[in-house]
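What follows is a single structure, written as structure tokens, with notes after it.
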Amino acid sequence: MVGLALLNTAGVFFDPREVTNAAVWMKPLKFALSIGLYSLTLAWLIGRLPTGSLIARIASVAGTIAAVGLVIELVIINGFALVGESSHFNLTTPLHEALWHTMAGSIMVVWVMTLVVAALLFFAPLGDRARGVAIRAGAILALAGMALAMLMTGHQPDQLGDYQDVVGAHTVGLPDGGPGLPLLGWSTVAGDLRIPHFIGMHALQVLPLFVLSLEVLAVKVPALRSARRRLWLVLLAAGTYAAAVALLTAQALMGQSIVAPAGVILAGGIALTATVVVAAVAIMTLIKTETNREA
Numbered sequence: 107m108v109g110l111a112l113l114n115t116a117g118v119f120f121d122p123r124e125v126t127n128a129a130v131w132m133k134p135l136k137f138a139l140s141i142g143l144y145s146l147t148l149a150w151l152i153g154r155l156p157t158g159s160l161i162a163r164i165a166s167v168a169g170t171i172a173a174v175g176l177v178i179e180l181v182i183i184n185g186f187a188l189v190g191e192s193s194h195f196n197l198t199t200p201l202h203e204a205l206w207h208t209m210a211g212s213i214m215v216v217w218v219m220t221l222v223v224a225a226l227l228f229f230a231p232l233g234d235r236a237r238g239v240a241i242r243a244g245a246i247l248a249l250a251g252m253a254l255a256m257l258m259t260g261h262q263p264d265q266l267g268d269y270q271d272v273v274g275a276h277t278v279g280l281p282d283g284g285p286g287l288p289l290l291g292w293s294t295v296a297g298d299l300r301i302p303h304f305i306g307m308h309a310l311q312v313l314p315l316f317v318l319s320l321e322v323l324a325v326k327v328p329a330l331r332s333a334r335r336r337l338w339l340v341l342l343a344a345g346t347y348a349a350a351v352a353l354l355t356a357q358a359l360m361g362q363s364i365v366a367p368a369g370v371i372l373a374g375g376i377a378l379t380a381t382v383v384v385a386a387v388a389i390m391t392l393i394k395t396e397t398n399r400e401a
């Protein structure tokens, strides 16, 4: 995967071709990086299951099937880049349509296999409660984030009136290919469904890293040595993450750019931030008081 990412990076710099106003190799590069990170995390999760157990064997099979699905996805995406065409939403010819449906089918298989692994995590000891909640919540939110990709695959309103062999889009309110954030490409002038999809999907890494960070900090921060306090902080992080994904999804569907939140989305973001701050302070103070009483 590292080798593929390096080749894609070289393509970004040395191949001048573009697809939907982006470097032709940018999408393969982003997919290579994202899939590589997903694969490493999935392998790590499977490694948390008891060695030699039935659930570990089932998870290993699920992981292998998911890997095959991801390889199919990467082969098709890189193949389209090689010929300078869009890999997503492209129904120009029967071949394009068949490849698009193959990608959709392979990702559905990956989603189901991830669901299997996520379900098996509920039957395995994962350390203290905070770590268990972080890992399981991360897997559930990742499944939700992956599922959000379905919102991109249907006919967009403008496509219904002007069908041009393209079905689906990640931009809401304007055609794909407009101005976007550097590297990420997320639209700066309209809604973009890639944002909640990306953020939700990577809960698989963010929440486990969050709890591991708490454990590392606990060495030097006495307040974090309480397992109960870490549990509540993880619950707060998971709830905040879920709310943020929901808010970003609503923002995208309303056609609002990530850089220009307004109205109910802006109010929701402010309310969420305030709630998180108050809740975090309460966790760090009230639970400390209860611990002192027990002492």
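In my numbering, each residue's number is its place in the sequence shown (first place is 1) plus 106. All C-beta atoms in this analysis are idealised placements derived from N, C-alpha and C, irrespective of residue type, glycine included.
Rounded C-alpha distance that separates residue i from residue j
{"i": "Pro-328", "j": "Thr-391", "result": "13 Å"}
{"i": "Gly-267", "j": "Val-167", "result": "Low local confidence applies: a pLDDT of 47 at Gly-267 is under 50, so the model's placement there is unreliable, with the coordinate-based value given in what follows. In a straight line, the C-alpha of Gly-267 is about 45 Å away from that of Val-167."}
{"i": "Gly-153", "j": "Gly-374", "result": "38 Å"}
{"i": "Pro-231", "j": "Arg-163", "result": "16 Å"}
{"i": "Thr-115", "j": "Ser-140", "result": "14 Å"}
{"i": "Thr-259", "j": "Arg-242", "result": "28 Å"}
{"i": "Trp-217", "j": "Thr-147", "result": "14 Å"}
{"i": "Pro-122", "j": "Ala-380", "result": "46 Å"}
{"i": "Gly-142", "j": "Val-174", "result": "13 Å"}
{"i": "Gln-195", "j": "Met-209", "result": "Here residue 195 turns out to be Phe, not Gln, going by the sequence shown. If you take the alpha carbons of Phe-195 and Met-209, they lie about 10 Å apart."}
{"i": "Gly-117", "j": "Ala-187", "result": "10 Å"}
{"i": "Ala-111", "j": "Ala-138", "result": "6 Å"}
{"i": "Ser-319", "j": "Gly-244", "result": "15 Å"}
{"i": "Leu-113", "j": "Val-177", "result": "16 Å"}
{"i": "His-207", "j": "Val-322", "result": "45 Å"}
{"i": "Ser-159", "j": "Ala-224", "result": "16 Å"}
{"i": "Arg-370", "j": "Leu-313", "result": "Note on identity: in this sequence residue 370 is Val, with Arg being the wrong assignment. Roughly 27 Å between the two C-alpha positions."}
{"i": "Met-307", "j": "Phe-120", "result": "30 Å"}
{"i": "Thr-198", "j": "Ile-182", "result": "15 Å"}
{"i": "Ser-145", "j": "Val-317", "result": "20 Å"}
{"i": "Asp-234", "j": "Val-215", "result": "31 Å"}
{"i": "Leu-359", "j": "Ile-393", "result": "39 Å"}
{"i": "Ile-301", "j": "Ala-348", "result": "13 Å"}
{"i": "Leu-287", "j": "Thr-157", "result": "44 Å"}
{"i": "Gln-265", "j": "Ala-248", "result": "With a pLDDT of 45 at Gln-265, under the threshold of 50, the predicted position of this residue should be treated as unreliable, and no value is reported."}
{"i": "Leu-310", "j": "Thr-346", "result": "15 Å"}
{"i": "Leu-74", "j": "Leu-227", "result": "Outside the shown range of the chain, which is 107 to 401, sits residue 74, and nothing can be said about it."}
{"i": "Ala-296", "j": "Ile-161", "result": "44 Å"}
{"i": "Asn-127", "j": "Ile-305", "result": "23 Å"}
{"i": "Ala-129", "j": "Leu-315", "result": "32 Å"}
{"i": "Pro-281", "j": "Glu-191", "result": "17 Å"}
{"i": "Glu-179", "j": "Ser-193", "result": "10 Å"}
Simplified DSSP assignment, three categories, for residue i
{"i": "Ala-129", "result": "strand"}
{"i": "Val-118", "result": "helix"}
{"i": "Thr-277", "result": "strand"}
{"i": "Ser-293", "result": "strand"}
{"i": "Glu-124", "result": "strand"}
{"i": "Gly-185", "result": "helix"}
{"i": "Gly-244", "result": "helix"}
{"i": "Leu-361", "result": "Sequence check: residue 361 is Gly here, not Leu. In this structure, Gly-361 counts as coil in the three-state DSSP scheme."}
{"i": "Gly-153", "result": "helix"}
{"i": "Tyr-269", "result": "Unreliable positioning characterises Tyr-269 in this predicted model, as indicated by a pLDDT of 49, which lies under 50. The coordinate reading is nonetheless provided below. Note: Tyr-269 maps to coil in three-state DSSP."}
{"i": "Gly-374", "result": "helix"}
{"i": "Gly-286", "result": "strand"}
{"i": "Gly-109", "result": "helix"}
Neighbour-count burial assignment, residue i, 16 or more Cβ in a 10 Å radius
{"i": "Val-387", "result": "exposed"}
{"i": "Pro-134", "result": "buried"}
{"i": "His-303", "result": "buried"}
{"i": "Leu-299", "result": "buried"}
{"i": "Ile-376", "result": "exposed"}
{"i": "Val-325", "result": "exposed"}
{"i": "Ala-350", "result": "buried"}
{"i": "Asn-184", "result": "buried"}
{"i": "Trp-131", "result": "buried"}
{"i": "Glu-124", "result": "exposed"}
{"i": "Tyr-269", "result": "Unreliable positioning characterises Tyr-269 in this predicted model, as indicated by a pLDDT of 49, which lies under 50. The coordinate reading is nonetheless provided below. Exposed, because fewer than 16 other Cβ atoms sit within 10 Å of the Cβ of Tyr-269."}
{"i": "Trp-338", "result": "buried"}
{"i": "Ala-255", "result": "buried"}
{"i": "Gly-279", "result": "buried"}
{"i": "Thr-170", "result": "exposed"}
{"i": "Gly-251", "result": "buried"}
{"i": "Ala-343", "result": "buried"}
{"i": "Val-340", "result": "buried"}
{"i": "Ala-368", "result": "exposed"}
{"i": "Ala-275", "result": "buried"}
Near the ligand SAH: residue i beta-carbon under 7 Å from a heavy atom
{"i": "Gly-142", "result": "By its list of ligands, the structure shown contains no ligand whatsoever, and the ligand SAH lies outside what it can speak to."}
Item to check | Any 3 or more C-beta pairs closer than 8 Å across the segment 231 to 239 and the segment 196 to 211 | outcome: no
Checklist entry - What are the uninterrupted segments assigned as alpha helix (DSSP H) that are 4 or more residues long and contained completely in the segment 204 to 237, given in chain order? => result none
Item to check | Given 8 Å, three or more beta-carbon pairs between the segment 349 to 365 and the segment 288 to 298 | outcome: yes
Checklist entry - Do the segment 351 to 360 and the segment 331 to 342 meet, that is, are 3 or more Cβ pairs less than 8 Å apart? => result no
Item to check | Sequence ranges, alpha helix (DSSP H) only - wholly within the segment 299 to 327, length at least 4 | outcome: 300 to 307, 309 to 323
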